[in-house]
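In full-length UniProt numbering, the protein residues as written are 1 to 256. Even glycine gets a Cβ: it sits at the ideal position worked out from N, Cα and C. Presented below is the structure to which this report refers.
Set out below in structure tokens:
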């Protein structure tokens, strides 16, 4: 989730114990911990200097990434090691640029790490949206999905060029009645499979999760897996039975 987003809402505790929320850009360090740029005189910086506890709410802003879900990272703010500060400052600059106005980078800004203690995660894909709490250890040991960068392009391609294939997926692989499906769209794709939203003649929508036969290893592998499933669905819909090849006929003139 955090690997496909670049900003969220940082909540800190004011002196009177009321929470304060503010937009906050971030990048991730090599361990997936958010790195924040804090303005020296900002109220939320003052709050963190007094009480390091905070949370960062993150949900990708644009579709299709926003379909994936949302989460609240809960933890404490800590100083960076001197040996890593310059590298992480440059990473932040590369992602967010120098900024303008209130967001302009200043020489007295401080870059600090949000050390994750737990994550409150709500998945928004599929028929249910279950919330779960993920420990800091589980979060740190997890790895970003290999398709996170190319997934938007795959979604755009399938939605633009392959809606009929997506409708067949819903019918033949998810068991939805073909007579009730009037459209379908791909919501997201990851290394394990993909999520499709079927539009029904009643006006309702149904989300289905379809797995790949095995985990894909990259964009090319994902495209190949989707194309293969489309071919299989096409053949199943038409009850296609390929003609077996004719048996080889021995050359009558061959010597014994």
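So, with DSSP's three-state summary, where would you put residue 136? Numbered from 1 along the chain shown, position 136 holds the residue referred to as residue 136. Secondary structure at residue 136: helix, using DSSP grouped into helix, strand and coil.
May I ask which residues mark the beginning and end of the beta strand (DSSP E) holding residue 12?
Position 12 of the chain shown, counted from the first residue, corresponds to residue 12. Annotation for residue 12: the continuous beta strand (DSSP E) segment containing it runs 7 to 13.
* Sort 14, 117 and 139 by Cα distance to residue 51 and report the nearest one. => The residue labelled residue 51 in the question sits at position 51 within the chain shown. Of 14, 117 and 139, the residue nearest in Cα terms is 14.
**Report entry** Classification of residue 47 by the beta-carbon crowding that lies within 10 angstroms, buried from 16 upward
**Finding:** To locate residue 47, count along the chain shown from 1; it is residue 47. By the C-beta density criterion, residue 47 is buried, having at least 16 other C-beta atoms within 10 angstroms.
- Starting from residue 117 and walking both ways along the beta strand (DSSP E), at which residues does that stretch end? Counting from 1 along the chain shown, the entry for residue 117 is found at position 117. Counted as a single uninterrupted DSSP element, the beta strand (DSSP E) harbouring residue 117 occupies residues 110 to 123.
Margin query: As a quick exercise: from 43, 74, 89 and 82, pick the residue whose alpha carbon is nearest that of residue 36.
Written below: Numbered from its first residue, the chain shown carries residue 36 at position 36. Nearest to residue 36 by alpha-carbon distance, out of 43, 74, 89 and 82, is 89.
Going by beta carbon distance, what residues of the same chain come within less than 6 Å of residue 4, once the five residues before and after it are set aside?
Indexing the chain shown from 1 puts residue 4 at position 4. Contacts found: 60, 65 and 148.
Over what stretch of residues does the alpha helix (DSSP H) that includes residue 239 continue unbroken? The residue given as residue 239 occupies position 239 in the chain shown. Taken as a continuous stretch (DSSP letters only), residue 239 belongs to no alpha helix (DSSP H), as it is neither H nor E.
Simplified DSSP state of residue 103, which is helix, strand or coil: The count along the chain shown starts at 1 and reaches residue 103 at position 103. Helix, per DSSP.
Check: Between residue 211 and the rest of its own chain, which residues show a CB-CB distance below 7 Å, the 5 nearest in sequence each way excluded?
Finding: On the chain shown, position 211 is the one that residue 211 refers to. Excluding sequence positions up to five before and after residue 211, its CB lies within less than 7 Å of the CB of 192 and 193, all in the same chain and listed in chain order.
Q. Would you report the Cα separation of residue 121 and residue 245, rounded to the nearest angstrom?
A. Here residue 121 corresponds to residue number 121 of the chain shown, with the count starting at 1. Here residue 245 corresponds to residue number 245 of the chain shown, with the count starting at 1. For residue 121 and residue 245, the gap between their C-alpha atoms comes out near 54 Å.
What's the gap between the Cα of residue 32 and the Cα of residue 209?
Indexing the chain shown from 1 puts residue 32 at position 32. Indexing the chain shown from 1 puts residue 209 at position 209. Pairing residue 32 with residue 209, the inter-Cα distance amounts to about 27 Å.
| Considering only the beta carbon of each residue, do residue 1 and residue 95 sit closer than 8 Å? | Start at 1 with the first residue of the chain shown, and residue 1 comes out as number 1. Start at 1 with the first residue of the chain shown, and residue 95 comes out as number 95. No, the Cβ-Cβ distance between residue 1 and residue 95 is not below 8 Å.
Legend entry - Beta-carbon spacing of residue 26, residue 7 below 8 Å: Counted from its first residue, the chain shown places residue 26 at position 26. Counted from its first residue, the chain shown places residue 7 at position 7. In this structure, residue 26 sits near residue 7, with a CB-CB distance shorter than 8 Å.
Q) Where does residue 92 land, buried or exposed, given buried means 16+ other C-beta within 10 angstroms? A) Within the chain shown, residue 92 is the residue found at index 92, counting from 1. Burial call: buried.
task = List the endpoints of the continuous beta strand (DSSP E) containing residue 211.
result = Taking the first residue of the chain shown as position 1, residue 211 is located at position 211. It spans 205 to 211 - the beta strand (DSSP E) in which residue 211 sits, taken as one unbroken run.
| request: Measure the C-alpha to C-alpha separation of residue 100 and residue 153 and round it to an integer number of angstroms. | output: Looking up residue 100 in the chain shown gives position 100. Looking up residue 153 in the chain shown gives position 153. Each residue's CA atom was taken as its position, placing residue 100 and residue 153 some 30 Å apart.
Nonlocal neighbours in the same chain, by C-beta distance under 6 Å from residue 190, ignoring five residues either side: Start at 1 with the first residue of the chain shown, and residue 190 comes out as number 190. Answer for residue 190: 145 and 147, listed in chain order.
How big is the Cα-Cα spacing for residue 132 and residue 239?
As a first step, residue 132 is located in the chain shown; it is residue number 132 there, counting from the start. As a first step, residue 239 is located in the chain shown; it is residue number 239 there, counting from the start. Distance between the alpha carbons of residue 132 and residue 239: 43 Å.
- How many angstroms separate the CA atom of residue 107 from the CA atom of residue 119? Position 107 of the chain shown, counted from the start, is the residue given in the question as residue 107. Position 119 of the chain shown, counted from the start, is the residue given in the question as residue 119. Spanning the two alpha carbons is a distance of roughly 32 Å.
Check: What three-state label does DSSP hand residue 95 in the structure shown?
Finding: In the chain shown, counting from the first residue as 1, residue 95 sits at position 95. Helix, per DSSP.
Item checked: Spatially closest choice to residue 77 from 62, 103, 196 and 45, by CA coordinates -> Start at 1 with the first residue of the chain shown, and residue 77 comes out as number 77. Closest in alpha carbon position to residue 77, among 62, 103, 196 and 45, is 45.
Problem set entry | Reduced DSSP category for residue 19 - H, G, I as helix; E, B as strand; rest coil | Taking the chain shown and counting its residues from 1, the one referred to as residue 19 is at position 19. DSSP places residue 19 in the strand class (E or B) of the three-state scheme.
Worksheet item: For residue 78, which residues does DSSP report across the bridge?
Response: Taking the first residue of the chain shown as position 1, residue 78 is located at position 78. The partner list for residue 78 (beta bridge, DSSP) reads 113.
Are the C-beta of residue 90 and some C-beta of chain C separated by less than 8 Å? Looking at the structure shown, chain C is missing, and only one protein chain is on hand.
Might you give, ordered along the chain, the residues of its own chain that have their beta carbon closer than 7 Å to the beta carbon of residue 135, omitting 5 neighbours on each side?
Residue numbering aside, residue 135 sits at position 135 when the chain shown is read from its first letter. Excluding sequence positions up to five before and after residue 135, its CB lies within less than 7 Å of the CB of 118, all in the same chain and listed in chain order.
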